[in-house]
Amino acid sequence: MIKQHLFVITCAIGLALPAIEAQAAVDKHARNLAASCAACHGTNGHSSGGTTVLAGMDKALFVGAMKDFKSGARPATVMHQHAKGYTDEEFSLLAEFFAAQKR
Amino acid sequence: MSINRRDFLKLSAAGIAIGAFPGIAFAGSELLKKKGQRVVVVGAGFGGATAAKYIRMWSNNKIEVVLIERNQQFISCPMSNTVLGGKRTINDLTRNYDSLKKHGIKLVHGEVTAIDSEKQTVMLANGHLSYDRLIVAPGVDFMFEQIEGLNAKVADESIPHAWKAGAQTVALRKQLESMPDGGVFALSIPKAPYRCPPGPYERACQVAHYLKNNKPKSKVLILDANPDITSKKGLFTAAWNELYPGMVEYRPNATVLKVDAASKTAKTEFEDIKADVLNILPPMKAGAVASMAGVVNVDGRWCAVDFLSYESKVHKNIHVIGDAVSAALPKSGHMATSQAKVCAAAIIELMQGQQPDQAPTIVNTCYSMVSDVEAMHVANVFRFNAEKQAMVSAEGGGVSAKRSELEGTLAAYWLENILNDVLV
Chain A
1 MIKQHLFVIT CAIGLALPAI EAQAAVDKHA RNLAASCAAC HGTNGHSSGG
51 TTVLAGMDKA LFVGAMKDFK SGARPATVMH QHAKGYTDEE FSLLAEFFAA
101 QKR
Chain B
104 MSINRRDFLK LSAAGIAIGA FPGIAFAGSE LLKKKGQRVV VVGAGFGGAT
154 AAKYIRMWSN NKIEVVLIER NQQFISCPMS NTVLGGKRTI NDLTRNYDSL
204 KKHGIKLVHG EVTAIDSEKQ TVMLANGHLS YDRLIVAPGV DFMFEQIEGL
254 NAKVADESIP HAWKAGAQTV ALRKQLESMP DGGVFALSIP KAPYRCPPGP
304 YERACQVAHY LKNNKPKSKV LILDANPDIT SKKGLFTAAW NELYPGMVEY
354 RPNATVLKVD AASKTAKTEF EDIKADVLNI LPPMKAGAVA SMAGVVNVDG
404 RWCAVDFLSY ESKVHKNIHV IGDAVSAALP KSGHMATSQA KVCAAAIIEL
454 MQGQQPDQAP TIVNTCYSMV SDVEAMHVAN VFRFNAEKQA MVSAEGGGVS
504 AKRSELEGTL AAYWLENILN DVLV
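If you read the protein sequences in the order shown, they are chains A and B. Just so we're aligned: the first sequence equals residues 1 to 103 in our numbering. Just so we're aligned: the second sequence equals residues 104 to 527 in our numbering.
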């Protein structure tokens, strides 16, 4: 919520500031983390086909899936290996970023 | 086009570092007048095109990006081995660059001839461009001089490496089609590091796939300069034994020292191998543009960078991404895009006087097609380790449990998505 407020405030004074500042509303580390997923899941999670569309995905659904991949509860070809490379905190950051992307 | 480059290489081999000359005279006019902050990117492959797009996207189009590329079209090297196997044509892997223009990227087609790191200027045949920050994304060049009898002309005309997708990929496929049944396809692999670690073994599979269906008495002979298969060893060995029994022969520690184009003979330290098709992958190094920028500082071949920004360890304001980088990271298309995004984010921060992300965490996923339908992968997360100042593989990465048709389908999804991420 705080982030959303910041975003509104930044946008409100956006005319006076360079637009680049609007990016401050986005958690850039989360954005940077999520960027690696694009090779299979498309830019900002907008899959071009085949793979799961991550843009707009429910946060709890995303985190749950990643945790299940990590534990092996959910079988996978590739995702179990990627999931093991991330922390639970990073799952939350990624979930937040993708949930904020318009589908 | 390549005359300039070859001349440059000759000069740099003679120890004359052109790019390092301060105050080098720049002929020609300024191609595009620089107004605000500008990033020039040299090379629009997986790394360069991604960096250009993401700088625009993440800076809300505030930073000017000029992207220089010698080729008119983008041809994907990943999956290009399937052109040899017959699953795809080169057209299936070819995209145009027009889609990048919607991001406001200024695309300049041309050949870079020199770079002045002091004046922060890039020279092209018809003029020059100044930059605040430069991204060098040159991919690899081939060290033909390490193999007697081989050079760029021989590679173009009779012994293709086909290690950059394009005309040589098509030429190699034609040689395969003209090969007699019972013939030998000899593939030589240089010592690591080279572009795409599993690529040569995937190629052996694709060639074997074609031969099995068309010329079943033929053989694929792999001459590997490395002491063992460098990537996905168990999976490739199983694919050769189970899909192409008796067809693929693997010889480790076999460095090709000399070739004879007329007789299609390759010479190693131990033997002469006469083949019907010779496919020699020469040793590789950072592309020539990295030398022009004066940022090659590891073994005379690769570029050391700061992994928080991909800024060169030699020159400030020059960043290097992709295959040219010296790192314990695979030289792959996906890795180039992952590095490009870290670099793009860092440049935006640095241009605003901010600190880049201190914990870059990136991914590589690499599929190898072992037939027309089956594939397997290697997948890893890599994290920045501040103590080592290096990118280190995170826990849990690894290869497929087994090859499968499902992964063959996933590989096609990967290609579609990554090409759109790079170019659209």
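Ideal Cβ positions, reconstructed from N, Cα and C, are used throughout, including at glycine. Just so we're clear, the structure is a prediction, and the values are computed from it rather than from any experiment.
Rounded separation between residue i and residue j - CA only
{"i": "Q249(B)", "j": "K416(B)", "result": "27 Å"}
{"i": "S179(B)", "j": "L526(B)", "result": "11 Å"}
{"i": "K106(A)", "j": "A65(A)", "result": "In this structure chain A extends from 1 to 103, so residue 106(A) is not present and cannot be described."}
{"i": "Y200(B)", "j": "G285(B)", "result": "42 Å"}
{"i": "A39(A)", "j": "A365(B)", "result": "43 Å"}
{"i": "G151(B)", "j": "I450(B)", "result": "14 Å"}
{"i": "E352(B)", "j": "Q309(B)", "result": "14 Å"}
{"i": "F177(B)", "j": "G146(B)", "result": "11 Å"}
{"i": "T371(B)", "j": "F288(B)", "result": "16 Å"}
{"i": "H312(B)", "j": "K419(B)", "result": "48 Å"}
{"i": "A34(A)", "j": "T272(B)", "result": "34 Å"}
{"i": "R103(A)", "j": "A73(A)", "result": "28 Å"}
{"i": "L61(A)", "j": "Y86(A)", "result": "17 Å"}
{"i": "T77(A)", "j": "S503(B)", "result": "7 Å"}
{"i": "N164(B)", "j": "L232(B)", "result": "19 Å"}
{"i": "D379(B)", "j": "P296(B)", "result": "28 Å"}
{"i": "A342(B)", "j": "Q175(B)", "result": "37 Å"}
{"i": "P75(A)", "j": "F69(A)", "result": "7 Å"}
Beta-carbon proximity check, residue i vs residue j, cutoff 8 Å
{"i": "L203(B)", "j": "K277(B)", "result": "no"}
{"i": "Q81(A)", "j": "N44(A)", "result": "no"}
{"i": "S334(B)", "j": "V243(B)", "result": "no"}
{"i": "A326(B)", "j": "A369(B)", "result": "Going by the sequence as given, residue 326(B) is Leu instead of Ala. A contact, by the Cβ cut-off of 8 Å."}
{"i": "F149(B)", "j": "T440(B)", "result": "yes"}
{"i": "Y470(B)", "j": "T51(A)", "result": "no"}
{"i": "I262(B)", "j": "L381(B)", "result": "yes"}
{"i": "M350(B)", "j": "K377(B)", "result": "no"}
{"i": "H41(A)", "j": "N520(B)", "result": "yes"}
Chain B within 8 Å of residue i, Cβ atoms only
{"i": "A38(A)", "result": "yes"}
{"i": "S71(A)", "result": "no"}
{"i": "S92(A)", "result": "no"}
{"i": "Q101(A)", "result": "no"}
{"i": "T51(A)", "result": "yes"}
{"i": "L54(A)", "result": "no"}
{"i": "G45(A)", "result": "no"}
{"i": "A35(A)", "result": "yes"}
{"i": "K28(A)", "result": "yes"}
{"i": "A22(A)", "result": "Confidence at A22(A) is low in this model, with a pLDDT of 46, below 50, so the placement of that residue should be treated as unreliable; the coordinate-derived value is given next. Yes, contact with chain B."}
{"i": "K67(A)", "result": "no"}
{"i": "G85(A)", "result": "yes"}
{"i": "G42(A)", "result": "yes"}
{"i": "F97(A)", "result": "no"}
{"i": "R74(A)", "result": "no"}
Residues of its chain near residue i, where Cβ-Cβ distance is below 8 Å and the 5 sequence neighbours each way are ignored
{"i": "L227(B)", "result": "G131, L134, I171, V211, G213, E214, V215 and T216"}
{"i": "M57(A)", "result": "G45, A95, F98 and A99"}
{"i": "K136(B)", "result": "none"}
Same chain, Cβ closer than 7 Å to residue i, neighbours up to 5 away in sequence not counted
{"i": "M160(B)", "result": "H206"}
{"i": "V423(B)", "result": "V239, A393, V398, C406, V408, Y413 and S415"}
{"i": "R31(A)", "result": "F97"}
{"i": "P459(B)", "result": "L411, S412, A448, A449, E452 and L453"}
{"i": "A357(B)", "result": "L326, D327, A328 and T371"}
{"i": "A154(B)", "result": "V144, I238, A240, I424, A443, C446 and A447"}
Below-8 Å beta-carbon distance, residue i vs any chain A residue
{"i": "G425(B)", "result": "no"}
{"i": "W517(B)", "result": "yes"}
{"i": "G511(B)", "result": "no"}
{"i": "I465(B)", "result": "yes"}
{"i": "I262(B)", "result": "no"}
{"i": "K444(B)", "result": "yes"}
{"i": "H312(B)", "result": "no"}
{"i": "S441(B)", "result": "yes"}
{"i": "A270(B)", "result": "no"}
{"i": "G122(B)", "result": "Low local confidence applies: a pLDDT of 40 at G122(B) is under 50, so the model's placement there is unreliable, and no value is given."}
{"i": "G501(B)", "result": "yes"}
{"i": "V538(B)", "result": "A query on residue 538(B) cannot be resolved here, the shown segment of chain B reaching from 104 to 527 and no further."}
{"i": "G126(B)", "result": "Note on G126(B): pLDDT 43, under 50, position unreliable in the model; no value is reported."}
{"i": "D201(B)", "result": "no"}
{"i": "D363(B)", "result": "no"}
{"i": "A430(B)", "result": "no"}
Other residues of its chain near residue i: CB distance less than 6 Å, five sequence neighbours each side excluded
{"i": "N483(B)", "result": "N467, S496 and G500"}
{"i": "N400(B)", "result": "A407 and V417"}
{"i": "A508(B)", "result": "It should be noted that the sequence gives Glu, not Ala, for residue 508(B). Correct list, in chain order: V476 and E477."}
For residue j and residue i, believed in contact at Cβ under 8 Å, the rounded distance
{"i": "P293(B)", "j": "M438(B)", "result": "Incorrect: roughly 19 Å between the Cβ atoms, too far for contact."}
{"i": "P97(B)", "j": "G436(B)", "result": "Shown here, chain B extends from 104 to 527; a query on residue 97(B) therefore has no answer."}
{"i": "R306(B)", "j": "N184(B)", "result": "5 Å"}
Within chain D, partners of residue i - CB distance below 9 Å
{"i": "L61(A)", "result": "Chain labels in this structure do not include chain D; the protein chains are A and B."}
The ligand GTP heavy atom lying under 7 Å from the CB of residue i
{"i": "V476(B)", "result": "Among the components of this structure there are no ligands whatsoever, and the ligand GTP is therefore not found."}
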